[in-house]
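In the working numbering, the protein residues as written are 30 to 247.
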Amino acid sequence: MAKNPNLTLEGPDLAALLCSRVCHDVISPVGAINNGLELLDEGGPGASDADALDLIRTSALNAAVRLKFARLAFGASGSVGASIDTGEAEKAAKDYAAAEKKTEVTWSGPRAIVAKNRVKLLLNLFLVAYGGIPRGGSVDVMLENPEHHAKFTITIKGRMMRVPAKFVEICSGTLDESIDAHTIQPYYTVLLADECGMELRYVVSEDKIVFTAETTAA
């Protein structure tokens with residue numbers, strides 16, 4: 030498989046941009062927690078207290094879910110070369126969607142302990158697919174033979190479906206701008222596929238978009 034010309038980031042730059050991505054994901058719920066605490070400080074007893082506490086609880090859950098997802102999708106999650114239970118990935122993906130309450134996630138296929146980078150690829154492809162239905166909808170994840178000649182299929186349905194434009198450009202090697210914190214996640218998805226020897230594809234039809242990652246022939 031030919032090397033993608035867009036995969037040019039050095040290690041320190043990759044690490045820095047992934048850190049920026051994680052910070053971007055958690056800054057909103059953490060800020061909302063702070064807003065809730067300010068409401069408690071400013072208001073007296075009554076309904077405002079209940080509203081503030083509800084905001085804090087919801088935002089704290091959202092931040093925790095995003096951090097747990099990021100730990101698996103972007104982090105080391107153990108030593109170099111470690112393996113991960115796909116059940117952990119399933120829980121992380123379902124919790125991630127449940128926290129936003131606008132997308133239903135279904136998951137099928139065998140549960141297995143597989144190479145860490147394969148699980149990270151699966152979760153990052155999930156993020157790409159999830160970003161394709163910004164108004165919400167459904168995401169169906171299917172795993173086939175995850176321990177060996179793996180194939181991951183993620184099907185999305187919803188309003189205003191689209192394949193994220195930067196993912197298309199990076200996949201095809203046609204991105205003509207520098208990678209930044211907004212494009213690092215699709216970049217990392219393509220990089221992981223390259224590292225895992227898996228080929229990324231997507232098929233767009235009228236009622237769904239199907240993303241796949243499949244192990245290439247040796």
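In this text, a Cβ means the ideal position worked out from N, Cα and C, and glycines have one as well.
Keep in mind that this is a model prediction, so the values were computed, not measured.
Open item on the list: Taking the alpha-carbon of Leu156 as reference, which of Asp42, Val51, Pro34 has the nearest alpha-carbon?
Closed with: Val51
Task: Exposed unless 16 or more other CB atoms sit within 10 angstroms - verdict on Pro215 - done: buried
Open item on the list: With H, G and I counted as helix, E and B as strand and the rest as coil, what does DSSP make of Arg230?
Closed with: strand
Open item on the list: Is the separation between the beta-carbon of Pro193 and that of Gly166 shorter than 8 angstroms?
Closed with: no
Task: Status (buried if at least 16 other CB within 10 Å, exposed otherwise) for Val232 - done: exposed
- [ ] Rounded to whole angstroms, what's the CA-CA distance from Thr132 to Val168? Just pull it up for me.
- [x] 7 angstroms
TODO: May I ask which residues mark the beginning and end of the alpha helix (DSSP H) holding Gly160?
DONE: Gly160 -> no alpha helix (DSSP H), and no H or E assigned at all.
Task: Own chain, CB closer than 7 angstroms to Ala99, minus 5 neighbours either side, in chain order - done: Val51, Asp54
Open item on the list: Under DSSP, the alpha helix (DSSP H) around Lys195 begins and ends at which residues?
Closed with: 194-201
Task: Glu133 - containing beta strand (DSSP E), residue span - done: 132-137
Task: Assumed close pair Ala128, Val170 - CB separation to whole angstroms, cut-off 8 angstroms - done: That belief does not hold up - the Cβ atoms of Ala128 and Val170 are roughly 17 angstroms apart, past 8 angstroms.
- [ ] Pick out whichever of His178, Leu84, Val143 has its Cα sitting closest to the Cα of Gly60.
- [x] Leu84
Task: Thr267 to Leu150 span [Cα, whole Å] - done: Look at the range of the chain in this structure, 30 to 247, and you will see that residue 267 is not part of it.
TODO: Determine the closest residue to Leu46 out of Ala210, Arg164, His177, with distance taken between C-alpha atoms.
DONE: Ala210
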